[in-house]
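Worksheet: one structure, shown below.
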Amino acid sequence: MKIRVLVRKFHKWLALIVGIQVLLWTASGLFMSFVPIEKIRSEHLAKKPKTLLIEPSKPYLSIGEILKKSNAKSPVEINLTGLSQKYVYEVKHKDETELFDAITGEKLSPIDKELAAEIAMSHFSGESKVKRAYLIEKPVIEFRGKLPVWRIDFNNEEGTSFYISPENGKLLGRRSSLWRIYDFMWMLHIMDYEERENFNHWWLVLAAFLAVSMSFSGLWLIAYSFRKRDFNFLKGGH
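Residues in the sequence shown are numbered from 1 upward in steps of one, following the numbering used here.
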């Protein structure tokens, strides 16, 4: 009898301590499993930009002329490619990537707001237009990549934002109102309230251990709460 009282008190206090977190785990897990991950990633609003074919007849500058304009002392790789209806040379070296207009030689990187918006539109399959574009230079919770980065917001109901690298014009991320809710739920689920990435920390391990202990103590109490007569219906008794 004494053991049962102690276990009941133990279970009650554990439920008080970790009950809210267990509820958050369940609610956040339900949300994350219910909403398709493709929708979270805004894949229905993404498209592959049209490929700009390299035409040999174009008056491209030579690689030597581009290298004279570059800051690269020892470039690792040089590519002639297309970027939002422009022919560009992409000069990659150890610390950065430079972009040059392949015909005029104008240095395009870091790309400006207008070009960033054009690139974002080339990746966007919706009918909405760009609402605003601005450069993010300080860390923000919804983008954890390399800074600075262009944030391009679209004028749609989903609250869609694309993140474009000012260095090379690459699409670095897609965000939406649904993604932001998902990210908040993920934070609650893994109990990482700062970076929202680490699920190998002691707070989570401790909470999980206490939750398991609460479950075992609850099962123990359930086992001792039944009497033989509770199972009479299985024998056809009354």
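For each residue, glycine too, the CB sits at the ideal point set by N, CA and C.
Treat the numbers as computed from the prediction; the structure is a model and nothing was measured.
{"Item": "Ordered list of alpha helix (DSSP H) runs contained in the stretch 83-160, each at least 4 residues", "Value": "113-123"}
{"Item": "Local Cβ density within 10 Å of S84, reported as buried at 16 or more and exposed below that", "Value": "buried"}
{"Item": "6 Å CB neighbourhood of G159 in its chain, flanking five on each side removed", "Value": "S176, S177"}
{"Item": "Inter-residue spacing [alpha-carbon to alpha-carbon] between K170 and I222", "Value": "57 Å"}
{"Item": "Alpha-carbon to alpha-carbon, K47 and F209", "Value": "44 Å"}
{"Item": "Of the listed residues Y60, L219, V212, nearest to G19 (C-alpha basis)", "Value": "V212"}
{"Item": "Outcome for A27 when other beta-carbon atoms lying within 10 angstroms are tallied against a minimum of 16", "Value": "exposed"}
{"Item": "W150 vs A116 beta-carbon contact at 8 Å", "Value": "yes"}
{"Item": "Anticipated Cβ contact below 8 Å, M187 with R196, distance rounded", "Value": "5 Å"}
{"Item": "DSSP state of L172 mapped onto helix, strand, coil", "Value": "strand"}
{"Item": "Beta-carbon proximity of A120 to F162, cut-off 8 Å", "Value": "yes"}
{"Item": "Buried versus exposed, by CB contacts within 10 Å (16 or more), Y87", "Value": "buried"}
{"Item": "Under the three-state DSSP convention, the category A72 falls into", "Value": "coil"}
{"Item": "Presumed contact (8 Å Cβ cut-off) between K131 and D95, rounded CB distance", "Value": "Actually they are not in contact, since the Cβ atoms of K131 and D95 sit about 33 Å apart, beyond 8 Å."}
{"Item": "Opening and closing residue of the alpha helix (DSSP H) in which H44 lies", "Value": "Taken as a continuous stretch (DSSP letters only), H44 belongs to no alpha helix (DSSP H), as it is neither H nor E."}
{"Item": "Where I111 falls, given that 16 or more other Cβ within 10 Å makes a residue buried", "Value": "buried"}
{"Item": "Unbroken alpha helix (DSSP H) run spanning M187, endpoints", "Value": "177-190"}
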